[in-house]
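According to the UniProt record's numbering, the residues represented by the sequence shown are 1 to 503, in order.
Notes follow the structure.
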Amino acid sequence: MYSEVIFWPLISMLVFTGLTPFVVYLGERRGNKGVGGYWSAASFAVALYLLYQVYLQVASSPKGYLEYYIYAPPVGVMFYVDLISIFFSAVFIFLGFVSAIHSTRYMERDTGLGAYYALLQLMTLGMVYVTFTGDLFNLFVFWEVMAISSYVLVAFRKELWEPVEAGLKYLVMSGAGSATMLFAMSLIYGLTGSLNFVYVSEAFRSMQPTPLHYLAIAMLVVAFGIKAAAFPFWTWLPDAHPAAPSPISAMLSGVVIKTGVYGILRVIFLLFPLAMFHYGAMLFVMAALTMTIGNIGALLQRDIKRLLAFSSVAQIGYILVGLAAAGYGCLVDGLASAMFHVFNHAIMKGLAFLAAGALIYRLETRSLDDLAGVGRKMPISTVSLTIALFALGGVPPLNGFMSKWYLFMSAIDGGLWLLAVIGVINSAFSVAYYLWVFQRLFLAPPSKLVEEHAREAPAPILIALLMLVIIVFAVGVYPQPIISFARTAVQTFLVNFQITYLA
Numbered sequence: 001m002y003s004e005v006i007f008w009p010l011i012s013m014l015v016f017t018g019l020t021p022f023v024v025y026l027g028e029r030r031g032n033k034g035v036g037g038y039w040s041a042a043s044f045a046v047a048l049y050l051l052y053q054v055y056l057q058v059a060s061s062p063k064g065y066l067e068y069y070i071y072a073p074p075v076g077v078m079f080y081v082d083l084i085s086i087f088f089s090a091v092f093i094f095l096g097f098v099s100a101i102h103s104t105r106y107m108e109r110d111t112g113l114g115a116y117y118a119l120l121q122l123m124t125l126g127m128v129y130v131t132f133t134g135d136l137f138n139l140f141v142f143w144e145v146m147a148i149s150s151y152v153l154v155a156f157r158k159e160l161w162e163p164v165e166a167g168l169k170y171l172v173m174s175g176a177g178s179a180t181m182l183f184a185m186s187l188i189y190g191l192t193g194s195l196n197f198v199y200v201s202e203a204f205r206s207m208q209p210t211p212l213h214y215l216a217i218a219m220l221v222v223a224f225g226i227k228a229a230a231f232p233f234w235t236w237l238p239d240a241h242p243a244a245p246s247p248i249s250a251m252l253s254g255v256v257i258k259t260g261v262y263g264i265l266r267v268i269f270l271l272f273p274l275a276m277f278h279y280g281a282m283l284f285v286m287a288a289l290t291m292t293i294g295n296i297g298a299l300l301q302r303d304i305k306r307l308l309a310f311s312s313v314a315q316i317g318y319i320l321v322g323l324a325a326a327g328y329g330c331l332v333d334g335l336a337s338a339m340f341h342v343f344n345h346a347i348m349k350g351l352a353f354l355a356a357g358a359l360i361y362r363l364e365t366r367s368l369d370d371l372a373g374v375g376r377k378m379p380i381s382t383v384s385l386t387i388a389l390f391a392l393g394g395v396p397p398l399n400g401f402m403s404k405w406y407l408f409m410s411a412i413d414g415g416l417w418l419l420a421v422i423g424v425i426n427s428a429f430s431v432a433y434y435l436w437v438f439q440r441l442f443l444a445p446p447s448k449l450v451e452e453h454a455r456e457a458p459a460p461i462l463i464a465l466l467m468l469v470i471i472v473f474a475v476g477v478y479p480q481p482i483i484s485f486a487r488t489a490v491q492t493f494l495v496n497f498q499i500t501y502l503a
């Protein structure tokens, strides 16, 4: 089997990343500060093409996955790629592509762009290969590549105190999560003698559950929960995401926090069989509280990016609804609906932050009071933001409605009527504060700042927005290809690893 294809995106992105500072330097010498964005977009486009080649190999494999060992298991490092890996990686790379296009103009007033674009690519590379690993050691290595890059990007505008403070808070919280993951890995290795997903899963199946097993579960949930900003680990996100440049905010909320979701979906459900370890109740509580806290926090904000950051906390809660449903036996529909909302939220929240970034680019403010009436002066950017907000609220025929429908139906199928009701109430609650934002942007009298300085964003920023707007409507009207792919990916995963649920 042609398993070496697994490394093609890695090699491509490493080459592009290594050349990025040189390309940016040459571009700036010629007066073109946007060249780094176009170079990064080219890097992501090539990576998407190579990922498609990996997908073709996975799809043609009789086993439904590719694997590559560096030294023999159970001790050796393993790369493992299946349809779930392809799904998450495609979302990560695509949003990186759109964010790079947006950055060509948004970041033109900044310095140090060689480092910015190199770190953007490196962070995305780390996320992709988190999904390509077949063992906990490899996962930890690429997790740190992603994490360290994201710390620096949050604090990129180091001349300002807010990004530095937010980056430090993010570093402390995420570092605590990484340390907890390392402790969990040590415990798992002590129990099984391996860090390989397959070997650990098989070893745990042959054991009786002990307190040490549940301690390992708890540690991994803490590690992944911090990255996902799930309750009670969400406190870093409302500071980190607004302080970062808007394209990085889009990446952090759109995809970086989804690596935590991936960790729960892949690692927890794989290593700790539901037939032996019943953790659905834990996911139920996390989902309900994460949704509610995120929406209450968003309601209190008058800073557009902090509002969107709290909204991201709530959206992670909706994704956890699907994982909780899977924890109660609705495995295929629960996990597939969670993956569907991962995709949709990446598009919706990416659009929201990039559209908010378009307003900030022109007006240099995040205050909704100062942005009053901006819809009359910047209609494309503001309508794009409004579409994103209504999609996040679950308004049909936008994509957010479809994935929330599948999430809540999976909860009902799993017997979690109460969680479905909590989800619907939270979704309706979110529409209320999104309508308030709409009122400020379109119906309120224009502020003095808007009257004097507002004009439509540059073409590269608008192109990035329109790409995402098209997907929001397309998936809302015709969701079948995405949900079908997610369902097939989950079914293959469950069959390959013999994951079942026994009540």
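The beta carbon of each residue, even a glycine, is placed where N, CA and C say it ideally should be.
For clarity, every value in this text was computed on a predicted model and none was experimentally measured.
Within a 10 Å sphere around the beta-carbon of glutamine 480 sit fewer than 16 other beta-carbons, which makes this residue exposed. Phenylalanine 231 is positioned such that its CB atom lies closer than 9 Å to that of valine 285. When the beta-carbon positions are compared, serine 447 and leucine 385 stay at least 9 Å from each other.
With a cut-off of 8 Å on Cβ pairs, the segment 334–353 is not in contact with the segment 417–427, counting fewer than three such pairs. The shortest C-alpha to C-alpha distance from leucine 307 to any of Leu335, Gly329 and Leu392 is the one to Leu392.
Cβ neighbours of glycine 36 within its own chain (closer than 6 Å, five residues either side excluded): Val24, Leu113 and Tyr117. Ranked by Cα distance from valine 221, the first of Met146, Gly254, Pro209 and Ala287 is Ala287. Contact annotation: leucine 122 and serine 99 have beta-carbon atoms that are not nearer than 9 Å. Residue environment: tyrosine 129 is assigned as buried (16 or more neighbouring CB atoms within 10 Å of its CB, all protein chains considered). In this structure glycine 334 is not in contact with leucine 441, their Cβ atoms being roughly 36 Å apart against a cut-off of 8 Å. Straight across, the Cα-Cα distance linking valine 200 with glutamate 67 is about 16 Å. Aspartate 110 places its beta carbon less than 9 Å from that of proline 245. The alpha-carbon of leucine 215 is positioned some 8 Å away from that of alanine 184. 9 Å or more divides the Cβ of alanine 243 from the Cβ of glutamate 159. Taking each of Ala358, Gly423 and Phe401 in turn and checking the Cα distance to methionine 107, the smallest one comes out for Ala358. Shown here for isoleucine 463: same chain residues with a beta carbon closer than 7 Å to its own, the five before and five after excluded, namely Ile101 in chain order. Glycine 31 is not a Cβ neighbour of valine 255, given a cutoff of 9 Å. A Cβ-Cβ separation of about 16 Å leaves phenylalanine 197 out of contact with alanine 489 under the 8 Å criterion. When the Cα atoms are used, threonine 235 and tyrosine 434 turn out to be separated by approximately 22 Å. Excluding the 5 residues flanking it on each side, leucine 389 has same chain C-beta neighbours closer than 8 Å at Ala352, Tyr434, Val437 and Phe438, in chain order. With fewer than 16 other Cβ atoms from the protein chains shown falling within 10 Å of its own Cβ, leucine 26 counts as exposed. Assigned with DSSP and collapsed to three states, methionine 378 falls in coil, not helix or strand.
Nearest neighbour of tyrosine 328 by Cα position, chosen from Met282, Gly297 and Ile6, turns out to be Met282. The Cβ-Cβ distance between leucine 125 and proline 273 does not fall below 9 Å.
In this structure tyrosine 361 is buried. Its beta-carbon is surrounded by 16 or more other beta-carbon atoms within 10 angstroms.
Relative to the Cα of serine 311, the nearest Cα in the group Pro445, Leu252, Leu50 and Leu271 belongs to Leu252. For tyrosine 80, the uninterrupted beta strand (DSSP E) run begins and ends at 77–81, by DSSP. In the DSSP annotation of this structure, leucine 66 is not part of any alpha helix (DSSP H); the continuous beta strand (DSSP E) holding it starts and ends at 66–70.
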